[in-house]
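Peer 1: The structure follows.
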Amino acid sequence: MPEGHTVRRLADRHRELFAGEPVAVTSPQGRFAEGAARISGAVLLDTEAYGKHLLHHYGDVSLHVHLGLYGKFADGDLPVPAPVGQIRLRMANPRHWLDLRGPTACELLDPPEVDALRARLGADPLRADAKPEQAYERIRRSDQALAALLLDQSVVAGTGLIFVLEALFRAGLAPTMPGRRLTPDGWRELWADLVDLMGKAVLSGRIDTVRPEHEPQAMGRPPRVDRHGGEVYVYRRPGLPCLACGTEVSRGELAGRNSYWCATCQKGAA
Ligand SMILES: [Zn+2]
1351 MPEGHTVRRL ADRHRELFAG EPVAVTSPQG RFAEGAARIS GAVLLDTEAY GKHLLHHYGD
1411 VSLHVHLGLY GKFADGDLPV PAPVGQIRLR MANPRHWLDL RGPTACELLD PPEVDALRAR
1471 LGADPLRADA KPEQAYERIR RSDQALAALL LDQSVVAGTG LIFVLEALFR AGLAPTMPGR
1531 RLTPDGWREL WADLVDLMGK AVLSGRIDTV RPEHEPQAMG RPPRVDRHGG EVYVYRRPGL
1591 PCLACGTEVS RGELAGRNSY WCATCQKGAA
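Printed below as a string of structure tokens:
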């Protein structure tokens, strides 16, 4: 599933391509025909990313998209290609087209519904209006594992498995450490690191989390080959030596997801 940096990049791209002008909107597949008809011809005022949610604002109504596991956008210069496959939403102006396939959510929300969506989401490290202190209030009162809390979109929004596991490695904290054991300083550092890592990923379009001394060139090792790209410490590296200490990276299950960590570098396991 795309993490928050991908959704932020999409919001920025769609703003650049379409904002400030009327757009033609259709649903070649038909499943969003009614919604498309309602916004077609309206001016796209702005776009917004909040966690893994994308919003296109049209004034009295907003398009809400959540890509989920299979959703994908594609765009290009005109002419619009003939529809192939299940295109839920197609948008175009006199220069560009945009297609959306396979999203978990593609719906119109009125302003109170947009407010309700924002209200149920936690602190987004990529947003200037984020309130990390509210996230910490949830974390410090919880017996749940840190990794599960950081993946809970009502606590922190936009973080997925890669950012969470990598930030915990960089902080030296075990994914299973109960939230209540995280100190205020520990949270400040962890939050600042998420802001930094995710901000860099918005710029580069990939998730890189290793420090300069652990980069391939510095260590004389080959670059990582993985469809997720990016240089990482523990994510999907079970059994491989930890880049910092050489211990084999561990794998376990946590909140129904795979979890990866270094048992030597990361402390505080429950
Ligand atoms: Zn290690």
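Sequential numbering from 1351 applies to the sequence shown in the working numbering. We put the CB at the ideal spot given by N, CA and C, even for glycine. Every value quoted in this text rests on a predicted model; they were computed, and no experiment measured them.
Relative to the alpha-carbon of R1438, which residue among D1396, R1445, Q1379, A1495 has its alpha-carbon at the smallest distance?
Peer 2: Residue mapping note: residue 1438 aligns to position 88 of the sequence shown, counting from 1. Comparing Cα positions, the closest option is Q1379.
Peer 1: Please state whether DSSP places M1569 in a helix, a strand or coil.
Peer 2: Taking the sequence shown and counting its residues from 1, the one referred to as residue 1569 is at position 219. M1569: helix per DSSP, three-state reduction.
Peer 1: Just to check, is the beta-carbon of A1594 closer than 7 Å to a non-hydrogen atom of ligand 1?
Peer 2: What you label residue 1594 is simply residue 244 of the sequence shown in a count that begins at 1. Answer for A1594: yes, Cβ within range of ligand 1.
Peer 1: Considering only the alpha carbon of each residue, which of G1580, L1553, S1554 lies closest to E1565?
Peer 2: One-based indexing of the sequence shown puts residue 1565 at position 215. Considering only alpha carbons, the answer is G1580.
Peer 1: Tell me the start and end of each unbroken beta strand (DSSP E) in the stretch 1360–1417 that is at least 3 residues and wholly inside, in chain order.
Peer 2: List check, beta strand (DSSP E) in window: 1374–1376, 1396–1400, 1403–1407, 1412–1416.
Peer 1: What residue range does the alpha helix (DSSP H) around E1487 cover?
Peer 2: On the sequence shown, residue 1487 is found 137 positions in, with the first residue counted as 1. Unbroken alpha helix (DSSP H) run through E1487: 1482–1490.
Peer 1: Helix, strand or coil, according to DSSP, for G1472 in the structure here?
Peer 2: Locating residue 1472 in the sequence shown gives position 122, where the first residue counts as 1. Residue state, collapsed to three classes: coil.
Peer 1: Excluding the 5 residues preceding and the 5 following V1560 in the sequence, name in chain order all residues of the same chain whose CB lies nearer than 8 Å to its CB.
Peer 2: Indexing the sequence shown from 1 puts residue 1560 at position 210. Within the same chain, V1560 has close Cβ partners E1581, V1582, Y1583, L1593.
Peer 1: T1614: beta carbon under 7 Å from a heavy atom of ligand 1?
Peer 2: Along the sequence shown, one-based indexing puts residue 1614 at 264. Under cutoff, so the answer is yes.
Peer 1: Is the beta carbon of A1620 less than 8 Å from the beta carbon of P1528?
Peer 2: Along the sequence shown, read from residue 1 onward, the residue named residue 1620 stands at position 270. Along the sequence shown, read from residue 1 onward, the residue named residue 1528 stands at position 178. Contact flag set, yes.
Peer 1: So is E1353 buried or exposed if we call it buried at 16+ other beta carbons inside 10 Å?
Peer 2: Taking the first residue of the sequence shown as 1, we reach residue 1353 at position 3. Answer is buried; the Cβ neighbour count reaches 16.
Peer 1: Hey, which unbroken runs of the alpha helix (DSSP H) at 4 residues or more fall wholly within the stretch 1494–1575?
Peer 2: Counting whole runs of 4 or more residues, the stretch 1494–1575 contains the alpha helix (DSSP H) stretches 1496–1501, 1511–1521, 1534–1554, 1566–1569.
Peer 1: Pairs of beta-carbons, one from the stretch 1601–1614 and one from the stretch 1487–1507, closer than 8 Å: are there three or more?
Peer 2: Yes, the stretch 1601–1614 touches the stretch 1487–1507.
Peer 1: Between the beta-carbon of R1530 and the beta-carbon of R1470, is there less than 8 Å?
Peer 2: The count along the sequence shown starts at 1 and reaches residue 1530 at position 180. The count along the sequence shown starts at 1 and reaches residue 1470 at position 120. No, they are not a contact pair.
Peer 1: Should S1554 be labelled buried (16 or more other beta-carbon atoms within 10 Å of its own) or exposed?
Peer 2: For the purposes of this step, residue 1554 is identified with residue 204 of the sequence shown, where counting begins at 1. So S1554 ends up on the exposed side.
Peer 1: Tell me which same chain residues have a C-beta within less than 8 Å of the C-beta of A1374, skipping the five on either side of it?
Peer 2: As a position in the sequence shown, residue 1374 is number 24, starting the count at 1. For A1374, where only same-chain residues beyond five positions count, the Cβ hits under 8 Å are S1390, G1391, M1441, A1442, N1443.
Peer 1: Counting only the same chain and skipping the five closest in sequence on each side, list residues whose C-beta sits under 7 Å from that of A1455.
Peer 2: In the sequence shown, counting from the first residue as 1, residue 1455 sits at position 105. Hits under 7 Å: H1414, V1415, H1416.
Peer 1: What is the residue span of the beta strand (DSSP E) that C1456 lies within?
Peer 2: Counting from one through the sequence shown, the residue named residue 1456 turns up at place 106. Note, C1456: beta strand (DSSP E), 1455–1459.
Peer 1: If I measure Cβ to Cβ from M1351 and keep anything under 8 Å in the same chain, skipping five residues before and after, which residues do I get?
Peer 2: Stepping through the sequence shown from its first residue, residue 1351 is reached at position 1. Cβ neighbours of M1351 beyond the five flanking positions: K1402, L1417, G1418, L1419, G1510.
Peer 1: Should T1526 be counted as a contact of ligand 1 given a C-beta to heavy atom distance under 7 Å?
Peer 2: On the sequence shown, position 176 is the one that residue 1526 refers to. T1526: no, Cβ never under 7 Å from ligand 1.
Peer 1: Report the rounded CA-to-CA distance for D1410 versus H1364, giving the unit in angstroms.
Peer 2: For the purposes of this step, residue 1410 is taken as residue 60 along the sequence shown, with counting starting at 1. For the purposes of this step, residue 1364 is taken as residue 14 along the sequence shown, with counting starting at 1. Distance between the alpha carbons of D1410 and H1364: 19 Å.
Peer 1: For ligand 1, is there any heavy atom lying closer than 7 Å to the beta carbon of T1597?
Peer 2: As a working note, residue 1597 is residue 247 in the sequence shown. Yes; taking the cut-off as 7 Å, the Cβ of T1597 has a heavy atom of ligand 1 nearer than that.
Peer 1: What residue range does the beta strand (DSSP E) around M1441 cover?
Peer 2: The count along the sequence shown starts at 1 and reaches residue 1441 at position 91. First-last of the beta strand (DSSP E) with M1441: 1437–1442.
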